[in-house]
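The next block holds one structure in the form of structure tokens; read it before the comments.
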Amino acid sequence: MARRIILQGEKQRISDIYVLPAGKEEYQISFRYHQQTSLYQKLSVEEGERLILYFKYLGGMDVSEKRRVQVGSGKIKLTEKHQCRIRLSTVADFMNRETLVIRLLYDWSKKADLKYLLPNQRQQIKRAVGLNGLYLFSGPTGAGKSTTMYLLAKHLQRVDGKQVITIEDPVEIEDTQFLQCQVNEAIGLTYFELIKVCLRHRPDLLIIGEIRDKVTAEMAIRAALTGHLVFSTVHAKDKHHVVDRLVDLGVSKLELTECLRGIIYQELIKMKDLSYAVLYDMTFDGVEVANWEKSLQQAYDLGKITQKTQTRYLV
183 MARRIILQGE
193 KQRISDIYVL
203 PAGKEEYQIS
213 FRYHQQTSLY
223 QKLSVEEGER
233 LILYFKYLGG
243 MDVSEKRRVQ
253 VGSGKIKLTE
263 KHQCRIRLST
273 VADFMNRETL
283 VIRLLYDWSK
293 KADLKYLLPN
303 QRQQIKRAVG
313 LNGLYLFSGP
323 TGAGKSTTMY
333 LLAKHLQRVD
343 GKQVITIEDP
353 VEIEDTQFLQ
363 CQVNEAIGLT
373 YFELIKVCLR
383 HRPDLLIIGE
393 IRDKVTAEMA
403 IRAALTGHLV
413 FSTVHAKDKH
423 HVVDRLVDLG
433 VSKLELTECL
443 RGIIYQELIK
453 MKDLSYAVLY
463 DMTFDGVEVA
473 NWEKSLQQAY
483 DLGKITQKTQ
493 TRYLV
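When we follow the numbering used here, the leftmost residue of the sequence shown carries the number 183, and every step to the right adds one.
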């Protein structure tokens, strides 16, 4: 069953699979694709619990522990020549029923590019990054933030020969041209420790998968203030709330202002042909390079999106 579910998820290019209790007598499996969730299958409670147990085993998690939040990662063999990398997280509800979220991590070779709603934004973002400092990427889950960072890193490596080091939890995109480090708190490999060690390697570009806490934020700022080029992601609802998010974590707004070179917010927008393309809202060195509302209007004027889509994505 597990293999079939992942195969179907890959076929539909979904980002997440949810295994959740529904009422007292069943579990439901749902697929998430571009911020929309749809029911895939219903299971009995026994089948749901057995499926969660299997994935926990696959992800190296404690199969006997249901009360604590757990995270894990692993690979599931789908065919003789293909395996899918997955990231897992579990948590129990107040009735001690366990829930599971599976993130599918696609091969870099299959995510080697993005479709741009406004093609000129591709060159805008390439021209704007490169100077040392901190660049923060934000947007909903599955919006392609990691892909954007990796594409820019590949561009900088190709044009300027930059040495790239990534620190992620877990590594989402495998690339043999980068030195990629993975967080493993069980053995002391936290974001803090890995950033500290990686800076000794004097990278030209350091990619930090996500800033989640004050310590990681302060280390990213310190790296940028000492002359490094740093990319990272931050959870914020739009471009304007990125700085507020870091200040809420407890970092110095003065130090952040001194090193912050760019804020890039992105979402995948549904086009008229039902495919999805990325749209950016960007500010570099305090100058707004792309305005979200104006870009949506431009996409509508060019006939790429419907008025309904334009209205839906307005801030």
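Ideal Cβ positions, reconstructed from N, Cα and C, are used throughout, including at glycine. This structure is a prediction, so every number in the text was calculated from the model and none was measured.
Sequence-distant partners of Val-251 (beyond 5 residues in either direction) whose C-beta falls short of 6 Å from its own C-beta, in its chain, are Val-273. Excluding residues up to 5 positions away in sequence, Val-201, Ile-234, Phe-237, Leu-270, Thr-272 lie with their Cβ nearer than 7 Å to the Cβ of Leu-282 in the same chain.
The C-alpha of Val-227 is placed about 44 Å away from the C-alpha of His-422. In the three-state reduction of the DSSP assignment, Leu-428 falls in the helix class, which pools H, G and I. Buried is the label assigned to Pro-352, since at least 16 other Cβ atoms lie within 10 Å of its Cβ. Bounds of the beta strand (DSSP E) holding Lys-257 are 252-259. Counting only runs of 4 or more residues that sit fully inside the region 297-372, the alpha helix (DSSP H) segments are 302-310, 327-342, in chain order. Assignment of Gln-223 by DSSP, reduced to helix, strand and coil, places it in the strand class. Here Ile-196 is near Arg-214, since their CB atoms are less than 7 Å apart.
Taking 7 Å as the cut-off, the beta carbon of Pro-203 is found no closer than this to the beta carbon of Arg-285. Just so you know, the alpha carbons of Asp-386 and Asp-357 end up roughly 17 Å apart. Measuring C-alpha to C-alpha distances from Val-346 to each of Gly-321, Glu-375, Leu-388 identifies Leu-388 as the nearest. If the five residues before and after Lys-396 are omitted, its C-beta is found closer than 8 Å to the C-beta atoms of Leu-431, Gly-432, Val-433, all from its own chain and listed in chain order. Between Val-416 and Arg-427, the CB-CB gap stays under 7 Å.
Taking a contact to require three or more Cβ pairs closer than 8 Å, the region 299-313 and the region 447-462 qualify as touching. Counting other Cβ atoms within 10 Å of its Cβ, Phe-276 stays below 16 and is therefore classed as exposed. DSSP places Ile-196 outside both helix and strand once states are collapsed to three, so it counts as coil.
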